[in-house]
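Protein chains: 2
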Amino acid sequence: MQAPTSPVSRRERPTKPPLSKEAVVDVAIALMRAEGLDRVTMRRVAAALDTGPASIYVYVASTVALHAEVLDRVVADLAVPEGGAWQDRVQQLLHAYGALLDTHRGLARSALVVRPTGPAMLGLFDALLGLLLEGGVEPGRGSWCVDLLLLVVTAAAAEHAEPGRDDVDAPGEPGDGLAAVRAGIAASGPDRLPHLAAHADVALSGTPWQRAGWQVQAILAGAARSPLPETEVRP
Amino acid sequence: MQAPTSPVSRRERPTKPPLSKEAVVDVAIALMRAEGLDRVTMRRVAAALDTGPASIYVYVASTVALHAEVLDRVVADLAVPEGGAWQDRVQQLLHAYGALLDTHRGLARSALVVRPTGPAMLGLFDALLGLLLEGGVEPGRGSWCVDLLLLVVTAAAAEHAEPGRDDVDAPGEPGDGLAAVRAGIAASGPDRLPHLAAHADVALSGTPWQRAGWQVQAILAGAARSPLPETEVRP
DNA sequence: ACCTGAACACCGTTCAAGT
DNA sequence: ACCTGAACACCGTTCAAGT
Chain A
-3 MQAPTSPVSR RERPTKPPLS KEAVVDVAIA LMRAEGLDRV TMRRVAAALD TGPASIYVYV
57 ASTVALHAEV LDRVVADLAV PEGGAWQDRV QQLLHAYGAL LDTHRGLARS ALVVRPTGPA
117 MLGLFDALLG LLLEGGVEPG RGSWCVDLLL LVVTAAAAEH AEPGRDDVDA PGEPGDGLAA
177 VRAGIAASGP DRLPHLAAHA DVALSGTPWQ RAGWQVQAIL AGAARSPLPE TEVRP
Chain B
-3 MQAPTSPVSR RERPTKPPLS KEAVVDVAIA LMRAEGLDRV TMRRVAAALD TGPASIYVYV
57 ASTVALHAEV LDRVVADLAV PEGGAWQDRV QQLLHAYGAL LDTHRGLARS ALVVRPTGPA
117 MLGLFDALLG LLLEGGVEPG RGSWCVDLLL LVVTAAAAEH AEPGRDDVDA PGEPGDGLAA
177 VRAGIAASGP DRLPHLAAHA DVALSGTPWQ RAGWQVQAIL AGAARSPLPE TEVRP
């Protein structure tokens, strides 16, 4: 059921490959689409390029740097929505970003951890900040708000990607976070978890995306009402 | 500069160790305090207990399960604040949780990824939910809000833990996210990142904790004003 | 029945040696 | 000068064999 070792093998490129940062990231993305980002390792990328792992370090500083590069390349495909109210455009852009993370296995988890600084990611940040400014949000608030919005969407995507890792889905197995929580509540009992036990149904309701949608709304609603702390600029 | 292979070696326990889930987690925590959670591996825990890695799998299902167990044990030390307004108590409890994540190297990053379901973590969730209910927040909103609050604090702790991994600190080095962002903005230029370039100072201001503090306030402010979507309970 | 030695199948990263 | 083979120092997990 598993493909042979090199999904991008010399069969696809009979001539010697040119070897460049671009080529490395290309191969990494192909590998990710085929098997998920956590199988995109220095050694596998090197193997797909018919060379040793040391060669990759000429173009990319580390494995996490490679993963960050992949994320940035993928994010570069996002387009800023044009029509409609600024809140709707924020929601559309965040939705598109979430969908992007969702279609590339393992990418969301990585994005949750890396704090990416590539040009495309900064472009996304800038676009969202622009929309908030358009909505009259003050720049300092706006930046922190964008931070938070991206975090929420990324976390939702990572959570949504949780269950079946390779298989279709494994109900009740480890990885089924919802069932684990339900079991945990039952195990502790209503004495130790009075509020959770009383409201378990509503507390565990909704998909990660529904939750994220509400959270985004709540953040936007709250941002306009919360003043910044004193410390605003640091030298 | 590096300690010998087993920080918890047979020198500390000259007699045969009893071997139990408790003992395994104890050793894991000791190892984490000494070297950080990402050095808490099955093999090292096994070595510290003078046995082979296979033995650990009798008590813990996997490495991430072990890390989750460590988190839960550490969180169990949190106490719910008693006096004051509910908002202040929420903030105090979140602050304590953040400080906890902050004092154990590598723990925040792990917490960001695992979605823990241990009794202590559920207890923290329950306590926060209780405080929101006390503040008149509706249970469904409250649960999603607690989710978001914990996410924000965890992400702040993970970000704060970024810079010097082993060394004191390495300014300008990879890992200095702030400098990387600044460099990225400069590299793209004000044409491609108009809003970020215009507001770079204020956008990059504040520590992760200051940012998280504001975000928590904004979330609490927004939660009271955002209605739930239609889907509330699922069977 | 319960535990574990040894093996399998991988990793990231470095550096001395080659072209 | 630039690239990389080979080595170093690890991993998680499994399973057949031991007690």
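Chains as they are written, first to last, in my numbering: chain A, -3 to 231; chain B, -3 to 231. Ideal Cβ placement from N, Cα and C applies to all residues, glycine included. In this text, all values refer to a predicted model and were calculated from it rather than measured experimentally.
Check this for me: beta carbons of residue i and residue j, under 8 Å apart or not?
i: Ala204 of chain B; j: Glu130 of chain B; result: Looking at the sequence shown, residue 204 of chain B is not Ala but Pro. Against a cut-off of 8 Å, the Cβ pair of Glu130 of chain B and Pro204 of chain B comes out as no contact.
i: Ser106 of chain A; j: Leu67 of chain A; result: yes
i: Leu124 of chain A; j: Leu145 of chain A; result: yes
i: Leu192 of chain B; j: Asp34 of chain A; result: no
i: Thr113 of chain A; j: Gly202 of chain B; result: no
i: Ala153 of chain B; j: Leu97 of chain B; result: yes
i: Trp116 of chain B; j: Ala72 of chain B; result: The sequence given here has Ala at residue 116 of chain B, not Trp. Yes; because the gap between Cβ atoms is below 8 Å, this pair is in contact.
i: Val36 of chain B; j: Val20 of chain B; result: no
i: Arg101 of chain B; j: Gly32 of chain B; result: yes
Apply the 10 Å Cβ neighbour rule to residue i and answer buried if 16 or more other Cβ atoms are within range, or exposed otherwise.
i: Thr99 of chain B; result: exposed
i: Ala57 of chain A; result: exposed
i: Ile24 of chain A; result: One point to set straight first is that residue 24 of chain A is Ala, not Ile, in the sequence displayed. The residue is buried, with at least 16 neighbouring Cβ atoms inside 10 Å.
i: Pro135 of chain A; result: buried
i: Arg39 of chain B; result: exposed
i: Pro186 of chain B; result: exposed
i: Val48 of chain A; result: Sequence check: residue 48 of chain A is Gly here, not Val. The residue in question, Gly48 of chain A, is exposed, as its Cβ has fewer than 16 Cβ neighbours within 10 Å.
i: Gly94 of chain A; result: buried
i: Val142 of chain B; result: buried
i: Val54 of chain A; result: exposed
Taking the straight line between their C-alpha atoms, what separation do you get for residue i and residue j?
i: Ala50 of chain A; j: Gly218 of chain A; result: 49 Å
i: Leu120 of chain B; j: Leu74 of chain B; result: 8 Å
i: Ile215 of chain A; j: Ala194 of chain B; result: 23 Å
i: Glu18 of chain B; j: Trp82 of chain B; result: 35 Å
i: Glu78 of chain B; j: Val70 of chain B; result: 20 Å
i: His63 of chain B; j: Leu118 of chain B; result: 16 Å
i: Thr150 of chain A; j: Arg111 of chain B; result: 14 Å
i: Ala61 of chain B; j: Gly132 of chain A; result: 45 Å
i: Val148 of chain A; j: Val76 of chain B; result: 26 Å
i: Asp84 of chain A; j: Ala182 of chain B; result: 30 Å
i: Arg7 of chain A; j: Ala44 of chain A; result: Since pLDDT at Arg7 of chain A reaches only 39, below the 50 mark, its modelled position is unreliable, and the value read off the structure follows with that caveat. For Arg7 of chain A and Ala44 of chain A, the distance between alpha carbons rounds to 10 Å.
i: Gln206 of chain A; j: Leu103 of chain A; result: 20 Å
i: Ala196 of chain B; j: Glu158 of chain B; result: 21 Å
i: Arg137 of chain B; j: Gly209 of chain A; result: 12 Å
i: Ala220 of chain B; j: Ser139 of chain B; result: 13 Å
i: Thr59 of chain A; j: Met28 of chain A; result: 13 Å
i: Val212 of chain B; j: Glu65 of chain B; result: 27 Å
i: Val109 of chain A; j: Leu90 of chain B; result: 21 Å
i: Val177 of chain A; j: Leu189 of chain A; result: 12 Å
i: Gln88 of chain A; j: Val198 of chain A; result: 26 Å
i: Gly168 of chain B; j: Gly80 of chain B; result: Bear in mind that a pLDDT of 35 at Gly168 of chain B, under 50, signals an unreliable position, so the number given afterwards is only what the model happens to contain. Those two C-alpha atoms are separated by around 43 Å.
i: Asp46 of chain A; j: Ala175 of chain A; result: 44 Å
i: Pro14 of chain A; j: Val86 of chain A; result: 40 Å
i: Ser184 of chain A; j: Ala92 of chain A; result: 39 Å
i: Asp22 of chain B; j: Ile52 of chain B; result: 13 Å
i: Leu200 of chain A; j: Leu200 of chain B; result: 35 Å
Considering residue i, what are the terminal residues of the alpha helix (DSSP H) in which it resides?
i: Ala97 of chain A; result: Here the sequence assigns Leu to residue 97 of chain A, which means Ala is not the residue at that position. Unbroken alpha helix (DSSP H) run through Leu97 of chain A: 82 to 99.
i: Glu158 of chain B; result: Run containing Glu158 of chain B: none; DSSP gives neither H nor E here.
i: Arg105 of chain B; result: 103 to 110
i: Arg188 of chain A; result: 173 to 188
i: Glu18 of chain B; result: 17 to 31
i: Ile215 of chain B; result: 204 to 219
i: Ser51 of chain B; result: No alpha helix (DSSP H) contains Ser51 of chain B, which DSSP labels as neither H nor E.
i: Pro115 of chain B; result: 115 to 130
i: Val198 of chain B; result: 196 to 199
i: Arg40 of chain A; result: 38 to 44
i: Val71 of chain A; result: 59 to 71
Checklist entry - Any residues in the segment 65 to 82 of chain A with a beta carbon nearer than 9 Å to a beta carbon of chain B? Which ones, in chain order? => result Taking 9 Å as the Cβ-Cβ cut-off against chain B, none of the residues of the segment 65 to 82 of chain A qualify.
Checklist entry - Along the segment 11 to 34 of chain A, what residues have a CB closer than 7 Å to any CB found in chain B? => result Contacts with chain B (Cβ-Cβ distance below 7 Å) from the segment 11 to 34 of chain A involve no residue at all.
Checklist entry - Relative to chain B, which residues along the segment 170 to 184 of chain A have a C-beta separation below 8 Å, given in chain order? => result Per Cβ criterion, the list reads Pro170, Gly173, Ala176, Val177, Ala179, Gly180, Ile181, Ala183, Ser184.
Checklist entry - the segment 98 to 119 of chain B: which residues have C-beta closer than 8 Å to a C-beta of chain A, in chain order? => result Cβ contacts with chain A: Arg105, Leu108, Val109, Arg111, Thr113, Gly114, Pro115, Leu118, Gly119.
Checklist entry - What residues in the segment 210 to 221 of chain B have a beta carbon less than 9 Å from any beta carbon of chain A? => result The segment 210 to 221 of chain B vs chain A, Cβ under 9 Å: Trp210, Gln211, Gln213, Ala214, Ile215, Leu216, Ala217, Gly218, Ala219, Ala220, Arg221.
Item to check | Proximal residues, the segment 186 to 206 of chain A versus chain B, C-beta separation under 9 Å | outcome: Contacts with chain B (Cβ-Cβ distance below 9 Å) from the segment 186 to 206 of chain A involve Arg188, Leu189, Pro190, His191, Leu192, Ala193, Ala194, His195, Asp197, Val198, Ala199, Leu200, Ser201, Gly202, Thr203, Gln206, listed in chain order.
Checklist entry - Between the segment 135 to 148 of chain A and chain B, which residues of the former have a C-beta closer than 9 Å to a C-beta of the latter? => result Taking 9 Å as the upper bound on Cβ-Cβ separation, chain B lies near residues Pro135, Gly136, Arg137, Gly138, Ser139, Trp140, Cys141, Val142, Asp143, Leu144, Leu147, Val148 of the segment 135 to 148 of chain A.
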